[in-house]
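Before any comments, here is the structure.
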Amino acid sequence: PGPTRPFGLDPGAFREASQTLLLVAPEYTALRTVVLDYFGSIRKDLEDDHVIFQFDESMTCSEGDRAFIEQVGLCLGVDAPRRDAHLLITGERPDLGELF
Numbered sequence: 001p002g003p004t005r006p007f008g009l010d011p012g013a014f015r016e017a018s019q020t021l022l023l024v025a026p027e028y029t030a031l032r033t034v035v036l037d038y039f040g041s042i043r044k045d046l047e048d049d050h051v052i053f054q055f056d057e058s059m060t061c062s063e064g065d066r067a068f069i070e071q072v073g074l075c076l077g078v079d080a081p082r083r084d085a086h087l088l089i090t091g092e093r094p095d096l097g098e099l100f
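The sequence shown begins at 1 in the working numbering and counts up by one.
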């Protein structure tokens with residue numbers, strides 16, 4: 001194992017929002033199921049502090065966001081990624097955006 005645990009998304013908001021979608025083809029319903037199964041299987045193995053981009057719960061930078069940006073920043077040589085995670089995510093500090 002590496003120096004960190006995996007990060008991932010929680011499908012909760014998508015699950016709730018997509019329940020009432022008018023899916024006009026059976027393939028879309030099947031695709032929704034596949035997406036929810038995929039993200040659900042990832043989410044069950046995540047610790048709560050490694051769930052990222054939970055903006056449906058709060059517009060603030062979560063502990064998971066800070067830890068994720070810190071890992072990415074350390075790999076790419078970005079200065080003070082944990083402290084400035086909120087600026088790096090939004091692009092107010094363009095260090096990450098300039099690399100991609």
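A virtual CB, placed ideally from N, CA and C, is assigned to each residue, including glycine.
Quantities reported herein were computed from a predicted structural model and do not represent experimental measurements.
In chain order, G91 place their CB closer than 8 Å to the CB of G97, counting only its own chain and leaving out the 5 sequence neighbours on each side. According to the DSSP secondary-structure assignment, V51 is paired through a beta bridge with G8. Annotation: the continuous alpha helix (DSSP H) that includes D37 extends over 26–43. The region 6–22 and the region 45–62 touch, with no fewer than 3 CB-CB distances between them shorter than 8 Å.
At a Cβ-Cβ threshold of 8 Å, R82 and E70 count as neighbours. For E70, the secondary structure class from DSSP, reduced to helix, strand or coil, is helix.
Apart from sequence neighbours up to five positions away, the residues of its chain that approach F39 with a beta-carbon distance below 7 Å are L9, P11, ordered along the chain. Secondary structure at C61: coil, using DSSP grouped into helix, strand and coil. Exposure of F100 is indicated by the presence of fewer than 16 other C-beta atoms within 10 angstroms of its C-beta. With 16 or more other CB atoms across the displayed protein chains lying within 10 angstroms of its CB, C61 is buried.
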